[in-house]
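Only one structure is covered here, and it is reproduced in the block below.
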């Protein structure tokens, strides 16, 4: 068989069921899928493929899966920092979004965000925002894979000046994109239990259930949110969502910081998934999600970076490092959240959390060829005794050299092949200068 692409001369961290690590590995790709995963045969010579990629002794691993993003918010990076969540949202983010997040700017921010994710090794994302049709189109142009959720909220928002139309907008969006592309999967993203009414939440969930799509929602992010929902509904956010019928295996609960033991049992019972966003939670002082307890209850947990307005960049390598360390110090236990567990959260568990575990998240025969190569020829990655340790504790997004999605080379030798990055940066800088001038 003639292959489309062969990758050789690297250490493969498969993240398969056995978590096999293959020294001097070989991967053969045909029609966008992985055909062969093995060590290099003794008689191997690099031929028999249209494209041959020499990993040059680096780490070959599954592309990273970011389970929570607001991609266009790259445009608001650093515009409001060091504030409590509600003040940050109500005084800064919501007003700025209302003024500047039109379709043209959402497209621009989406292109920048996709470029940034791709260059730092993310091959799949789970996004939630407004004008999501525009976000999805930009993502398709970039070559990234993802689940893209049309935002739903019960007050005027970008693209939905009348909140009465938010459900219809989400429904039309889901219908348009359901069979549009294998890379773009539609979803519905309800902002939170405190910004969406019970009726809105139920209607949004009805859309996802009838179309077998992912339902995303910010949940139990802060103590203020927890207290607000308790006051309104006499239940924690998780118990409230269960009571109104929103929890099932296609529900992604984002943040999930302020939860108790009963909440955790409820999440586990319904098979709902969690997106863990430790850096965002640290910066906004929201708290630390009890991820080790989630894992003990067999809850699937993926990693997310949140939007660049709250966590400033979508580098999942940074997120892995923080996720591994924050729980150790929080529990005073150096054995929790070991490197292997965290790598799984950033790959296969993340894919499972957003409904794509059968397609991506590990390097196995038959799966989509979503693969990244880490250049380990740098002082901070030498020597390499344990590649899994290096992925979590030493590597950075800037160490990613090559990115392949569905068998297509998207980043080659740190160069983005599908987008005009310099042109995007120039346009973003012009817009940022305008925003800065008008704000001052």
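In my numbering, the protein residues as written are 3 to 442. Note that CB positions come from ideal geometry on N, CA and C, so glycine has one too.
Contact under 8 Å by Cβ, residue i with residue j
i: residue 426; j: residue 110; result: yes
i: residue 90; j: residue 82; result: yes
i: residue 375; j: residue 12; result: yes
i: residue 74; j: residue 103; result: yes
i: residue 409; j: residue 371; result: yes
i: residue 246; j: residue 269; result: no
i: residue 190; j: residue 154; result: yes
i: residue 134; j: residue 175; result: yes
i: residue 163; j: residue 156; result: no
i: residue 69; j: residue 105; result: no
i: residue 414; j: residue 404; result: yes
i: residue 14; j: residue 365; result: yes
i: residue 307; j: residue 67; result: no
i: residue 315; j: residue 394; result: no
i: residue 419; j: residue 432; result: no
i: residue 77; j: residue 430; result: yes
The alpha helix (DSSP H) enclosing residue i, as first and last residue numbers
i: residue 228; result: 225 to 235
i: residue 102; result: 96 to 102
i: residue 116; result: 105 to 121
i: residue 283; result: 280 to 285
i: residue 332; result: 318 to 333
i: residue 239; result: 239 to 245
Top-ranked residue by Cα proximity to residue i, from the options
i: residue 309; options: 27, 44, 72 and 363; result: 72
i: residue 131; options: 119, 117 and 161; result: 161
i: residue 445; options: 149, 346, 269 and 197; result: Here the chain covers residues 3 to 442 and nothing more, so residue 445 does not appear.
i: residue 84; options: 34, 113, 313 and 256; result: 313
i: residue 29; options: 20, 230 and 6; result: 6
i: residue 278; options: 248, 318 and 262; result: 318
i: residue 329; options: 239, 339 and 321; result: 339
i: residue 42; options: 50, 19, 352 and 27; result: 27
i: residue 321; options: 285, 241, 242 and 416; result: 285
i: residue 98; options: 124, 349 and 158; result: 158
i: residue 121; options: 439, 171, 407 and 441; result: 407
Limits of the unbroken beta strand (DSSP E) element including residue i
i: residue 39; result: 35 to 41
i: residue 216; result: 216 to 221
i: residue 382; result: It is not in any beta strand (DSSP E) - residue 382 carries neither H nor E in the DSSP assignment.
i: residue 53; result: 51 to 56
i: residue 63; result: 61 to 64
i: residue 72; result: It is not in any beta strand (DSSP E) - residue 72 carries neither H nor E in the DSSP assignment.
i: residue 131; result: 124 to 131
i: residue 411; result: 410 to 414
i: residue 373; result: 373 to 376
i: residue 12; result: 5 to 15
Residue burial classification, residue i (beta-carbon count within 10 angstroms, cutoff 16)
i: residue 334; result: exposed
i: residue 45; result: exposed
i: residue 367; result: exposed
i: residue 38; result: exposed
i: residue 326; result: buried
i: residue 139; result: buried
i: residue 477; result: Lying outside 3 to 442, the shown extent of the chain, residue 477 is not represented and no answer is given.
i: residue 384; result: exposed
i: residue 65; result: buried
i: residue 281; result: buried
i: residue 377; result: buried
Cβ-heavy atom distance, residue i to the ligand FMN, below 7 Å
i: residue 369; result: Absence of the ligand FMN from the depicted structure is noted, as is the absence of any ligand whatsoever, leaving it without description.
Query raised in the report: How do the stretch 53 to 60 and the stretch 282 to 297 stand: do at least 3 beta-carbon pairs fall below 8 Å, yes or no?
Result: No, they do not touch.
Requested in this report: Report yes or no: do three or more beta-carbon pairs, one from the stretch 251 to 263 and one from the stretch 216 to 224, lie closer than 8 Å?
Outcome: Cβ pair count under 8 Å is three or more, so yes.
Query raised in the report: Just checking, does the stretch 30 to 39 make contact with the stretch 272 to 279 on the three C-beta pairs under 8 Å criterion?
Result: No: fewer than three Cβ pairs fall under 8 Å.
Query raised in the report: Do three or more CB pairs link the stretch 383 to 395 to the stretch 338 to 348 at distances below 8 Å?
Result: Cβ pair count under 8 Å is three or more, so yes.
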